[in-house]
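Under the working numbering, the first residue of the sequence shown is numbered 2, with each subsequent residue one higher.
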Amino acid sequence: MFGKKKQKPLIDANQLELIENAQKRIKQKKRLYVHFVVFLIGALFLIVANTILGIGKDVTFFGKEWFVFAILLWLFFLLYHVFNVYVTHKFMGKAWEKNQLDKLVAKQQERIDKLKAGFVKEETLIAQSEVYNKTLPKTQNPKPKIELTIIVAAAENDAIGKGNKLIWHLSDDLKRFKSLTNGHHIIMGRKTFESFPKPLPNRTHVVISRQKDYKVPSGVILVNSLEDAIDAAKNDAQPFIIGGGEIYKQAMTLADKIELTRVHESFEADTFFPKIDTSVWKETANTFHSKDENHEHEFSFLTYERK
Ligand SMILES: NC(=O)c1ccc[n+]([C@@H]2O[C@H](COP(=O)([O-])OP(=O)(O)OC[C@H]3O[C@@H](n4cnc5c(N)ncnc54)[C@H](OP(=O)(O)O)[C@@H]3O)[C@@H](O)[C@H]2O)c1
């Protein structure tokens, strides 16, 4: 702040280059001028040496004295020097080189721009192509696709719970839930989370609540919206929405798949699963399970995929 003010350079790099070039040109022209003067003196000296001092008086070529050829040869070198300074420099000097380079760069840039324009056009066409979007197998789709899956057990009347509890106990259904969700993110509403005695092992729990200060055990992720819950599970190829009624309702438009256990009876309940619209969803698997000593009700494992 109180130190010496830094001196700003008075000329920029371009100006410096111009000055250097000008100095070089002056030197070249000076050298040519000196050459010319030396040539005049030298030529005079050769004439005097031969005609007055008699040096090589008897030496002739094609009937002419040797100094004529010596002067002509020197003149040739002098002309070559003139040519270099005025012609070669002008056409093939630094400015000429730069000009050629600029032309080349401009041409290359033009080609790059053309290629870019073509590429963007092609990319847009591919992205817009319905065939590409609809027929490419999932594994070839460049965007890693998350298969957001709803998993639910619902009665024939879509009942899923009463008094924040499940209505039935079906051991094979619980086994299926465990095996499908094992190792994945399970996204749930705050009420469903509270219906568990404790978090389930080997799953990442994502709990949705509007309460910012809702306390969850360590390892459980608390979010304030369904979108944030899905975002929290974005590195999971198949996150599961596990309920309850409120969350299922909101997730129906976002999910890619439904793993439904349809319990073939109707029950009294306070929480229900939304109707499955068969114009949106197609059934892709259906396995019937009859009643037995461990299962009080008949049920079927159904899979629905978005059409
Ligand atoms: N049969 C099955 O497969 C199944 C599966 C799961 C659950 N269930 C049953 O379903 C019942 C529970 O379902 P439920 O509908 O009452 O409750 P829920 O969906 O589990 O949780 C509702 C709570 O989630 C939070 N929430 C909902 N939408 C939100 C949003 N957009 N943004 C932020 N927070 C949001 C709110 O928490 P805050 O109030 O804290 O803000 C809300 O009170 C229970 O009976 C349970 O046993 C059945």
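The C-beta atom is built at its ideal place from N, Cα and C for all residues, glycine as well.
Sheet register partners of residue i (DSSP bridge)
| i | result |
| --- | --- |
| R26 | Partner(s): none; R26 has no beta bridge. |
| R263 | A155 and S301 |
| E306 | K258 and K283 |
| T272 | G162 |
| G190 | I209 |
| H296 | D293 |
| V83 | Paired residues: none, contrary to the question. |
| T288 | F302 |
Residue i in three-state terms, based on DSSP
| i | result |
| --- | --- |
| F37 | helix |
| F63 | coil |
| D229 | helix |
| K5 | Residue placement at K5 cannot be trusted, given a pLDDT of 43 that sits under 50; what the coordinates show is reported in the next sentence. In this structure, K5 counts as coil in the three-state DSSP scheme. |
| F241 | strand |
| L223 | strand |
Chain-order list of residues whose beta-carbon lies under 7 Å from that of residue i (same chain, five-residue window excluded)
| i | result |
| --- | --- |
| F178 | I152 |
| N203 | N183 and G184 |
| H36 | L79 and H82 |
| K7 | No answer about K7 holds up, because its pLDDT of 47 lies below 50 and its placement is not dependable. |
Close-in-space but distant-in-sequence residues of the same chain around residue i (CB under 8 Å, 5 per side omitted)
| i | result |
| --- | --- |
| V83 | L33 |
| R191 | V208, I209, S210, Q212 and Y215 |
| K308 | S280, V281, W282 and K283 |
6 Å CB neighbourhood of residue i in its chain, flanking five on each side removed
| i | result |
| --- | --- |
| T285 | T304 and E306 |
Check: Looking at C-beta atoms only, is the number of pairs between the segment 155-174 and the segment 262-280 that lie closer than 8 Å three or more?
Finding: yes
Item checked: Inter-stretch contact at 8 Å, needing at least 3 Cβ pairs: the segment 104-122 / the segment 65-78 -> no
Note to self: Whether or not the segment 281-300 and the segment 166-173 are in contact is what I'm after, with contact meaning three or more pairs of Cβ atoms, one per stretch, closer than 8 Å; do they touch?
What the structure shows: yes
Next item on the list: May I ask you to verify whether the segment 279-289 touches the segment 234-248, counting CB pairs closer than 8 Å and requiring at least 3?
Entry: no
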